[in-house]
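Working notes, beginning with the structure itself.
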Amino acid sequence: WKDVLVMARTAGIVVDEPSDVGIQLARAQKVLYQQDTLARDDLALQQAALEHDLAEQRSASAADIARIHARSGQETARLAGGADPESLHAATRLWAGLSRLSRQAQERAQVRVRSRAVLPAERALEDFIADRDTEIARRVEGARRIVKSVEALAHSAVLANAIAERAVIRALSTLPDDFVLINDLHLSTNQDIPFEDSYLKTAQLDHLLAGPTGLYAIETR
Numbered sequence: 181w182k183d184v185l186v187m188a189r190t191a192g193i194v195v196d197e198p199s200d201v202g203i204q205l206a207r208a209q210k211v212l213y214q215q216d217t218l219a220r221d222d223l224a225l226q227q228a229a230l231e232h233d234l235a236e237q238r239s240a241s242a243a244d245i246a247r248i249h250a251r252s253g254q255e256t257a258r259l260a261g262g263a264d265p266e267s268l269h270a271a272t273r274l275w276a277g278l279s280r281l282s283r284q285a286q287e288r289a290q291v292r293v294r295s296r297a298v299l300p301a302e303r304a305l306e307d308f309i310a311d312r313d314t315e316i317a318r319r320v321e322g323a324r325r326i327v328k329s330v331e332a333l334a335h336s337a338v339l340a341n342a343i344a345e346r347a348v349i350r351a352l353s354t355l356p357d358d359f360v361l362i363n364d365l366h367l368s369t370n371q372d373i374p375f376e377d378s379y380l381k382t383a384q385l386d387h388l389l390a391g392p393t394g395l396y397a398i399e400t401r
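With positions in the sequence shown counted from 1, the corresponding number in my numbering is that position plus 180.
Structure follows, in structure tokens:
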């Protein structure tokens, strides 16, 4: 049970009974869910704002491009109007043709510039979406770490052993008063004691029971 308490402190929780581990796990999972939900909702609002800004910029860009096309069309029509082209001198016709080509080139350049104006907003949205899951993970990192630690404790052999030891303690505590129960007894000696092809100087007993019928060393698994 002391090992369970150490693991619980490491996980950042407090337990008094084995059943508290399950309660604390449920609480940690609830906190993780809440933080994850808040993070996703907040990022969804930010994404919506970026999408709205991009839509407005695209709309403004489309309107500007339409005005560029209209203005260019008017100027091209003006350059093409006037007297019958056949009656114009060759130099005049050449000037008019070059003017129209120049106007068309200016139109294309203006359209490209206006189209590129929305690229920063598009990149901002793309980068935001690409980093969204990473940002969510960063925001819930602490809560997720606690959940994993408590889950490890809940499914550990340490907790299972602690539950079994406490059950044995409860059972042995029902014996008459002329029995003495000592739990988690640590022994040490200055001499090497042969044990299973090795030597021991220390030992730990889960339970030592002394009574009228004898002395019992009990190991719980």
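Built from N, CA and C at the ideal position, the CB exists for glycine as well.
- Under the 10 Å beta carbon count, Ile362 is surrounded by fewer than 16 other beta carbons and is classified as exposed.
- Secondary structure of Ser336 (DSSP, three-state): coil.
- Under the DSSP assignment, Thr382 falls in the beta strand (DSSP E) whose first and last residues are 378-391.
- Cβ neighbours of Gln215 within its own chain (closer than 7 Å, five residues either side excluded): Arg319, Val320, Ala323.
- Within a 10 Å sphere around the beta-carbon of Ile326 sit 16 or more other beta-carbons, which makes this residue buried.
- As the crow flies, the alpha-carbon of Ser336 is around 17 Å from that of Ala347.
- Per the DSSP secondary-structure output, Tyr396 pairs in a beta bridge with Leu389.
- A residue is called buried when at least 16 other Cβ atoms come within 10 angstroms of its Cβ; Ala317 does not meet this threshold and is exposed.
- A straight line joining the alpha-carbon of Val360 with that of Leu352 spans about 9 Å.
- For Pro374, the uninterrupted beta strand (DSSP E) run begins and ends at 360-375, by DSSP.
- Here Glu345 is buried: its Cβ has 16 or more other Cβ atoms, across all protein chains shown, within 10 Å.
- Between the alpha carbons of Ala206 and Val330 lies a distance of about 9 Å.
- One thing to note: Ala301 has its Cβ within 8 Å of the Cβ of Gln237.
- In this structure, Val184 lies away from Leu389, with their beta-carbon atoms at least 8 Å apart.
- In the three-state reduction of the DSSP assignment, Val348 falls in the helix class, which pools H, G and I.
- The C-beta distance from Asp244 to Arg294 rounds to 5 Å, short enough to fall under 8 Å.
- With fewer than 16 other Cβ atoms inside 10 Å of its own Cβ, Ile373 counts as exposed.
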